[in-house]
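> Chains as they are written, first to last, in the working numbering: chain A, 13 to 278; chain B, 215 to 479.
Where a beta carbon is used, it is the ideal one built from N, C-alpha and C, also for glycine.
Note that this is a predicted model, so its numbers are computed, not measured.
1) Would residue 375/B and residue 424/B qualify as a contact pair, given that the criterion is a beta-carbon distance under 8 Å?
2) Can you give the Cα-Cα distance for residue 217/B and residue 317/B, rounded to whole angstroms?
3) What does the alpha-carbon distance come out to for the pair residue 108/A and residue 266/A?
4) I'd like the list of long-range same chain contacts for residue 268/B, defined as Cβ closer than 8 Å, with 5 residues on each side in sequence excluded.
5) Taking beta-carbon pairs under 7 Å, can you tell me which members of the stretch 38-55 of chain A lie near chain B?
6) Ignore the nearest five residues each way along the sequence and tell me which others in residue 307/B's own chain have a CB closer than 8 Å to its CB.
7) Is DSSP giving residue 32/A helix, strand or coil here?
8) So which residues on chain B does residue 165/A lean against when the C-beta distance must stay under 7 Å?
9) Cβ atoms of residue 328/B and residue 237/B: under 8 Å apart, would you say?
10) Excluding the 5 residues flanking residue 436/B on each side, which residues of the same chain have their C-beta closer than 6 Å to its C-beta?
11) Could you tell me the distance, in whole angstroms, from the CA atom of residue 458/B to the CA atom of residue 373/B?
12) Could you check whether residue 221/A and residue 80/A sit closer than 8 Å to each other, using their CB atoms as the reference points?
13) Taking 8 Å as the CB-CB cut-off, is residue 336/B touching chain A?
14) With distance defined between alpha-carbon atoms, name the residue in 245/A, 191/A, 226/A nearest to residue 77/A.
15) Is residue 387/B helix, strand or coil by DSSP?
16) List the residues of chain A whose Cβ lies closer than 9 Å to the Cβ of residue 389/B, in chain order.
17) In whole angstroms, what is the alpha-carbon distance linking residue 446/B and residue 100/A?
18) For residue 141/A, which residues in the same chain have their Cβ closer than 7 Å to its Cβ, ignoring the five residues on either side in sequence?
19) Pairing CB atoms from the stretch 61-70 of chain A with CB atoms from the stretch 391-409 of chain B, are three or more of them under 8 Å?
20) Residue 262/B touches chain A at which residues, Cβ-Cβ below 7 Å?
21) Pick helix, strand or coil for residue 392/B, following the three-state DSSP scheme.
22) Buried or exposed: which applies to residue 357/B, given that a residue is buried once 16 or more other Cβ atoms fall within 10 Å of its Cβ?
23) In the structure shown, what three-state DSSP assignment does residue 351/B receive?
24) I'd like to know if residue 342/B contacts chain A, where contact means its C-beta is closer than 8 Å to some C-beta of that chain.
25) Would you kindly work out how many angstroms separate the C-alpha atoms of residue 161/B and residue 181/A, rounded to a whole number?
26) Have a look at residue 264/B and residue 49/A and give me their C-alpha separation to the nearest angstrom.
27) Run the CB neighbour count on residue 219/B, radius 10 Å, all protein chains shown included, and call it buried at 16 or more, exposed below.
28) Which bits of chain A does residue 397/B rub up against, with CB to CB less than 8 Å?
29) For residue 409/B, does the three-state DSSP call read helix, strand or coil?
30) Does the Cβ-Cβ distance between residue 293/B and residue 402/B come in under 8 Å?
31) Kindly indicate which residue of 126/A, 183/A, 263/A, 269/A has the alpha-carbon position closest to the one of residue 83/A.
32) Nearest chain A C-beta to residue 403/B closer than 8 Å, yes or no?
33) Between the Cα of residue 234/A and those of 205/A, 271/A, 151/A, 196/A, spot the shortest distance and give me the residue it belongs to.
34) Leaving aside the five residues before and after residue 139/A along the sequence, list all residues of the same chain whose C-beta is less than 6 Å from its C-beta, in chain order.
35) Less than 8 Å between CB atoms is the rule here; does residue 193/A satisfy it with respect to chain B?
36) Looking only at its chain, what residues have a beta carbon closer than 6 Å to the beta carbon of residue 160/A, apart from the 5 residues adjacent to it on each side?
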């Protein structure tokens, strides 16, 4: 029982403190700008580009795709910086020096980013409805909420894996930016995947967001939860694979770093 | 100011630009911002606009290059003074007889030249990956538009850098300032799609006039009068920006010396 309590405390404190550390340098108004204005303007850009390319009738395709893509802001950048930040700030050695359960530490880093990412997507959908005319009258809203949570979790799974890379590379922002922008193509947020080459479709099927976006589009078009359930399970499965890979990589890097004495060597 | 001094400044500008480019070719963040991000945007735009034909492809090549120019200006030029601060060279640069704004001008020139490469790469992506045979419709006017755009971007960058240094709070808005300019300046779609009340905002942004001139001359879709007026606006904004920047640099350096905070954030 005591172990469980300790782990819960570790999880919660790790979640809160890593999140506070991530944004400590910002004032509330700047935090709002980075959480609301940046995703909103990115969404506007791609929705306008998409409707210019096709027609205004297709706007829900782009709004839904880009609203869910916002999950990657917290999922990729937030997660990577939460984990990599320990190395940058010199606290990684202390974490590896504690007897704390690594899985709990690892999950604690993800929790607030999942909440934050999901909130970002909700805000994006609200903007979509209020400013861009997204029609959610035929949409099962609780099912949409479920899609948002699952997609954010799976995106954070990829972020955790990339966060581990942040422990061994100095060019982490290059990798982050690259993955984030490639997701704009490969996730199908801005392009119908069936129109893309087969090799892109194969890569897309192995990425988070892809199935979540497809599920959300079906839902907005009037599909029910039962119809999109396979996509949701798939999205969750992809996320879990990334979480597991990330966790094993995290423990492997810890072992290697301790063996070679390269814990905070850049 | 005589010709000899101007020639000396020009030599400094060229050397700083060259050094800047050499330093930055190994920086992953900068490489992504000035090269890879515009290429990804070009790929995305070319796919999205593929049904609109070669004119749209040229529009995307130029527009994605402009996104690279702006992002480079915002993130790289915007942080150019702080970069010197972090590497401990700011004090030396401020102390040398060459005005500090000349140094920053050279750094901005390096960034802008580097970013223009993304337009060239975008051209090759459109040609080889999508099979477009792209031709610049008004080559001479296009070259003149590129030159004026470079000047307009550099001058705009000279305002951004000191503003970011004097107001660290503004710098935190950097991420939020990237895409709005893509939208308001019509880099990849006409601003006529936007609500009417946003048009005056576009008119106040030098990158908008650069986009008008570059899109118009590359696709041949603009009348000469429209291109000339875009050139005029770029020149006007450049002069205005240079005037404001000279004041801002004086203020920034005075404050830094008075508060003894030159090397501090």
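This is what the structure gives:
1) Not in contact: residue 375/B and residue 424/B (Cβ atoms no closer than 8 Å).
2) Each residue's Cα considered, the two are about 18 Å apart.
3) When the Cα atoms are used, residue 108/A and residue 266/A turn out to be separated by approximately 7 Å.
4) So the list reads 346, 347, 348, once near-sequence residues are dropped.
5) The stretch 38-55 of chain A vs chain B, Cβ under 7 Å: 38, 39, 42, 45, 46, 49, 50, 53, 54.
6) Excluding five sequence positions before and after residue 307/B, the CB atoms of its chain that fall closer than 8 Å to its own CB belong to 298, 314, 317, given in chain order.
7) In the structure shown, residue 32/A falls within a helical segment according to DSSP collapsed to helix, strand and coil.
8) Within 7 Å of the CB of residue 165/A, no CB atom of chain B is found; the nearest one sits about 24 Å away.
9) Between residue 237/B and residue 328/B, the CB-CB gap reaches or exceeds 8 Å.
10) The beta carbon of residue 436/B is closer than 6 Å to those of 430 in its chain, skipping five residues each way along the sequence.
11) About 7 Å.
12) Yes, these two residues count as a Cβ contact at 8 Å.
13) At a cut-off of 8 Å between beta carbons, residue 336/B makes no contact with chain A.
14) Ranking 245/A, 191/A, 226/A by Cα distance to residue 77/A puts 226/A first.
15) Correct three-state label for residue 387/B: coil.
16) What residue 389/B touches in chain A: 45, 46, 49, 50.
17) Taking the straight line from one Cα to the other gives about 48 Å.
18) Cβ within range, chain order: 148.
19) Counting Cβ pairs under 8 Å, three or more are found: they touch.
20) What residue 262/B touches in chain A: 61, 62, 65, 202, 203.
21) Correct three-state label for residue 392/B: helix.
22) Its Cβ having fewer than 16 others within 10 Å, residue 357/B is exposed.
23) Reduced to three states, the DSSP call for residue 351/B is coil.
24) Not one chain A Cβ lies under 8 Å of residue 342/B.
25) Here chain B has residues from 215 to 479 only, and residue 161/B is not among them.
26) Roughly 29 Å between the two C-alpha positions.
27) Classification of residue 219/B: exposed, given that the 10 Å Cβ count is below 16.
28) Chain A residues near residue 397/B: 53, 56, 57, 60.
29) Correct three-state label for residue 409/B: coil.
30) Their beta carbons are not under 8 Å apart, which means residue 293/B does not touch residue 402/B by this criterion.
31) Taking only the C-alpha atoms, the option nearest residue 83/A is 126/A.
32) Taking Cβ atoms only, chain A reaches closer than 8 Å to residue 403/B, which makes this a yes.
33) Comparing Cα-Cα distances from residue 234/A to each of 205/A, 271/A, 151/A, 196/A, the minimum goes to 151/A.
34) Same-chain partners within the cutoff: 52.
35) In terms of beta-carbon proximity, residue 193/A lines the interface with chain B, with at least one pair separated by less than 8 Å.
36) For residue 160/A, where only same-chain residues beyond five positions count, the Cβ hits under 6 Å are 130, 133.
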